[in-house]
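Chains as they are written, first to last, in our numbering: chain A, 5 to 187; chain B, -5 to 353.
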């Protein structure tokens, strides 16, 4: 009873996978005779695969990666296997070496917007700003969002909310105007 | 607030943009920009002497920047663990600052709104926290700062992948924006998922206060952009802003609905709020998560007029101040871990003096 209290004492920190420090998804308890071992693992932990299927993590990943597994960045020594295991890249060169694989991995992790997936290869992927370029974002994006929300509430005939939104829009427009005048 | 005399970084304790935040729903946002230097390995593969070189290369300009108010460089090895944890709490970070060691460093300034992390995962992460609902202004400051750095440093960039980061899922803009909203009414009436599903664009994800999407702490939901490549900075801001505004309006609506509901229907929520009031004011010891959960209900109770005697500002401040590193820092690290839950309870009693239950 008392022991449980102590365990609860530090719930502030997120628990981590013992292998790779990602968030914890699985807690594996193995009971053999009198000994109990507990392992904490993330959802895509190679260690988990090993426990479930009995394969060694390295062989498991090697099976997945097959022939191209030998690929390695000549600059920093990061291997394809490491990338597949979720390690970070080692240097800017890695992007040139593993170019296509990175895109596939990003797509698999759902980190590419639909625009990139649907367009042809010749269209640039990166469309954000470039080094040394100054890019201000007009404060009207806030106004746009408020207007959009206003349209929604009016459609629902929620007039009380609409009135609040209108006040917000009015205040913001006046603010922007006075700022523009100051400039 | 009493300053601990032992701490050699008063920046950590006396400045907080979070203790003048009057918002009931929009708690704040963080903007993070990841950058790496050309011609250097990423920090994970970089030997210590080179890491030190990166620090001196980047900090010369950072410390001289006139946008920052008296910026200071603090090397990770000179920083006690509590202060690293304080940074995690204060800057709402899900990075593991407490593992920082030799060759890694932080730059802080006196406003308490700016943080630069050097060599932790990327050579440089610039972060601004914003409690004022003013994303565009924060972005402006961030990009100006970045621009001034590019005069002497070349950031790794490829036309195809944009700015290069050690985690390839953050390349492109290298920008991650997170908006924190306090949504108890939507969570208790179980409407949040439906509303988010209806309004969410691709590339926006939802998570909890400590970076775990399945664990909502203190009814605070964080929305952030999971796509950094293939989108412009403007896309990121406008889609997040759009979602956050709509969710905020729904939360306001849900709160109004709670206020108008008749007695038997709303009784269980009123019960939760008054229990939360009792826990905060009468517990002898309390854990951080329990405190955050109760504070959330009291915050909503104040907004609904079920409680009075205190404004949103001290409550928003408490959301930070009751957490472990903040408390340790406040008490000058003189308390042991065993005493902490009791000290936290005491601290909350003081902060909430004058709070009155009306239901």
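Don't be surprised by glycine CBs; every beta carbon is placed ideally from N, CA and C.
CB contact check: residue 47 of chain A to chain B, cutoff 8 Å = no
Assign residue 172 of chain B to one of three DSSP states: helix, strand, or coil.
-> strand
What in chain A is Cβ-close to residue 30 of chain B, meaning under 8 Å?
-> 96
Helix, strand or coil for residue 69 of chain A, going by three-state DSSP, please let me know.
-> Unreliable placement is indicated for residue 69 of chain A, whose pLDDT of 48 sits below 50; no coordinate value is reported for it.
In or out: residue 179 of chain A buried (at least 16 other Cβ within 10 Å) or exposed?
-> exposed
What are the complete beta strand (DSSP E) segments, minimum 3 residues, inside the region 38 to 105 of chain B?
-> 66 to 69, 99 to 102
Beta-carbon gap between residue 316 of chain B and residue 342 of chain B smaller than 8 Å | yes
Taking only beta-carbon positions, decide if residue 94 of chain B is within less than 8 Å of chain A.
-> no
Among residues of its own chain, excluding the 5 on either side of residue 290 of chain B, which ones have a beta-carbon nearer than 7 Å to its beta-carbon?
-> 176, 178, 212, 213
Contacting positions in the region 203 to 230 of chain B - beta carbon closer than 7 Å to chain A = Going along the region 203 to 230 of chain B in chain order, one finds 204, 205, 206, 220, 221, 223, 224, 225, 226, 227, 228 with a Cβ nearer than 7 Å to chain A.
On a CA-only basis, which of B:161, B:15, B:45 is nearest residue 93 of chain A? Give me that one, please.
-> Looking only at B:161, B:15, B:45, the smallest Cα-Cα distance to residue 93 of chain A is reached by B:161.
Spell out whether any CB of chain A is found under 8 Å from the CB atom of residue 190 of chain B.
-> no
Could you list the residues in the region 106 to 124 of chain A with a C-beta less than 8 Å from some C-beta on chain B, going in chain order?
-> 106, 109, 110, 113, 114, 115, 116, 117, 118, 119, 120
Would you call residue 41 of chain A buried or exposed, if buried means 16 or more other Cβ atoms sit within 10 Å of its Cβ?
-> Exposed, because fewer than 16 other Cβ atoms sit within 10 Å of the Cβ of residue 41 of chain A.
7 Å Cβ shell around residue 67 of chain B - same chain, five flanking residues per side excluded | 53, 57, 99, 101
Just the C-alpha distance for residue 106 of chain B and residue 80 of chain B, rounded to the nearest angstrom, thanks.
-> 12 Å
Report the rounded CA-to-CA distance for residue 150 of chain A versus residue 126 of chain B, giving the unit in angstroms.
-> For residue 150 of chain A and residue 126 of chain B, the distance between alpha carbons rounds to 16 Å.
For residue 256 of chain B and residue 247 of chain B, the rounded distance between their alpha carbons | 16 Å
Return the residue from the list B:96, B:232, B:252, B:331 that minimises the CA-CA distance to residue 279 of chain B.
-> Of the residues B:96, B:232, B:252, B:331, the one whose Cα lies closest to the Cα of residue 279 of chain B is B:331.
Can you tell me where the beta strand (DSSP E) with residue 22 of chain B in it begins and where it stops?
-> 20 to 29
Beta strand (DSSP E) containing residue 40 of chain A: first to last residue?
-> 39 to 45
8 Å CB neighbourhood of residue 9 of chain B in its chain, flanking five on each side removed = Closer than 8 Å at Cβ, skipping near neighbours: 104, 105, 106.
Look at residue 234 of chain B and residue 171 of chain B and say whether their C-beta atoms are less than 8 Å apart.
-> yes
Can you give the Cα-Cα distance for residue 110 of chain A and residue 129 of chain A, rounded to whole angstroms?
-> 12 Å
From B:333, B:30, B:352, residue whose alpha carbon lies closest to that of residue 359 of chain B = In the structure as shown, chain B begins at -5 and stops at 353. Residue 359 of chain B is therefore absent and cannot be evaluated.
Tell me where the beta strand (DSSP E) around residue 32 of chain A begins and ends.
-> For residue 32 of chain A, the enclosing beta strand (DSSP E) covers residues 30 to 36.
Could you give the uninterrupted runs of the beta strand (DSSP E) lying entirely in the region 188 to 217 of chain B, keeping only those of 3 residues or more?
-> 198 to 201
Three-state secondary structure assigned by DSSP to residue 167 of chain A | Residue 167 of chain A falls in the helix class under three-state DSSP.
State the DSSP-derived secondary structure class of residue 107 of chain A, mapped to helix, strand or coil.
-> Note: residue 107 of chain A maps to helix in three-state DSSP.
Residue 139 of chain A touches chain B at which residues, Cβ-Cβ below 7 Å?
-> Those within 7 Å of residue 139 of chain A in chain B are 137, 227.
Sort B:145, B:84, B:111, B:155 by Cα distance to residue 203 of chain B and report the nearest one.
-> B:84
At least 3 beta-carbon pairs within less than 8 Å: the region 27 to 47 of chain B vs the region 141 to 158 of chain B | yes
Enumerate in chain order the residues of its own chain whose CB-to-CB distance from residue 174 of chain B is below 6 Å, with the five nearest sequence positions on each side excluded.
-> 21, 22, 214, 216
Local conformation of residue -3 of chain B per DSSP, three classes | With a pLDDT of only 38 at residue -3 of chain B, under the threshold of 50, the placement of this residue in the model should not be trusted, and no figure is reported.
Go ahead and label residue 62 of chain B buried or exposed: buried means 16 or more other beta carbons lie within 10 angstroms of its beta carbon, across all protein chains shown.
-> buried
Any Cβ of chain A within less than 8 Å of the Cβ of residue 187 of chain B?
-> no
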